[in-house]
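In full-length UniProt numbering, the protein residues as written are 1 to 133.
Note that CB positions come from ideal geometry on N, CA and C, so glycine has one too.
Just so it is clear, the structure is predicted and the values come from calculations on it, not from any experiment.
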Amino acid sequence: MMRYWGVDFIRCVECKHHPLQLVVIETEEQDVDTTGLEFPICRNYCAYLNKPVVKGEQYPCDKCLRVGIKTGVLYCPSCGRWYPIKNGIVYLLPDKKRKAESDLKFLETYRDKLPSHVVYEGKPFNLSKTSGG
Ligand SMILES: [Zn+2]
Ligand SMILES: [Zn+2]
């Protein structure tokens, strides 16, 4: 299951940008054994707070570990690509391995819950390209 802390180490597969913006649609809390873990869990970027990790500050690592992202999107602010999170799995695929049909279906399903720059301008597929394109 994708969790907030995943954003800390995921890069855009096309342009290598980090961090990606997490758009959360559906979450599911899970029990996680945190014994022996070093805090903060997020080393560079905490997606739960949407800010870079600064040494000496307190972070809601509990949330980053336990809150699973069941449905959502990872958006790359650098190249405009979006990556779907379905059933807790991030599909971080390069453009050539993506399928327009399932990506467009995903956007259709969640168009009201996603920012318009993802739905209508996101790469490699979006809902504005209904004709031609
Ligand atoms: Zn965090
Ligand atoms: Zn990118």
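Please determine, among the options, the residue with the shortest C-alpha to C-alpha distance to residue i.
i: L20; options: V7, K99, G88, N126; result: V7
i: V47; options: C64, C76, K123; result: The sequence shown places Ala at residue 47, not Val. It is C64.
i: L49; options: P60, G122, R43; result: P60
i: I69; options: Q58, P84, S78, G80; result: P84
i: D33; options: R66, Q58, M2; result: R66
i: E29; options: R3, N44, D112; result: R3
i: D31; options: M1, K113, P52, E57; result: M1
i: S86; options: F39, I10, Y110, E121; result: The sequence shown places Lys at residue 86, not Ser. Looking at the Cα atoms, Y110 is the closest of the given residues.
i: I10; options: Y91, D95, A100, R98; result: Y91
Short of 8 Å in beta carbon distance, which residues of its chain neighbour residue i, apart from the five on each side in sequence? Order them along the chain.
i: E108; result: L127
i: residue 174; result: The chain is shown from 1 up to 133; residue 174 falls before or after that span and cannot be answered.
i: C79; result: C12, E14, C15, H17, K123
i: E26; result: I69, K70, T71, G72
Assign residue i to one of two classes, buried (16 or more other C-beta atoms within 10 Å of its C-beta) or exposed (fewer than that).
i: D103; result: buried
i: S131; result: At S131 the pLDDT is 48, less than 50, meaning the model places this residue with poor confidence; the figure from the coordinates comes in the next sentence. Exposed, since its Cβ has fewer than 16 Cβ neighbours within 10 Å.
i: I89; result: exposed
i: C42; result: buried
i: L37; result: exposed
i: K55; result: exposed
Please name the residue or residues paired with residue i in a DSSP beta bridge.
i: I89; result: K86
i: P115; result: In DSSP, P115 forms no bridge with anything.
i: K123; result: R81
i: T71; result: E26
i: R3; result: G68
Residues in the same chain with beta-carbon distance under 7 Å from residue i, minus the five sequence neighbours each way, listed in chain order, please.
i: Y45; result: V7, D8, P19, P52, V53
i: I120; result: Contrary to the premise, residue 120 reads as Tyr rather than Ile in this sequence. Excluding sequence neighbours, Y120 sits near N126, L127, S128.
Fully enclosed by the stretch 15 to 67, which alpha helix (DSSP H) runs are 4 residues long or longer? For secondary structure counted as the alpha helix (DSSP H) over 4 or more consecutive residues, the stretch 15 to 67 holds these complete runs in sequence order: 61 to 66.
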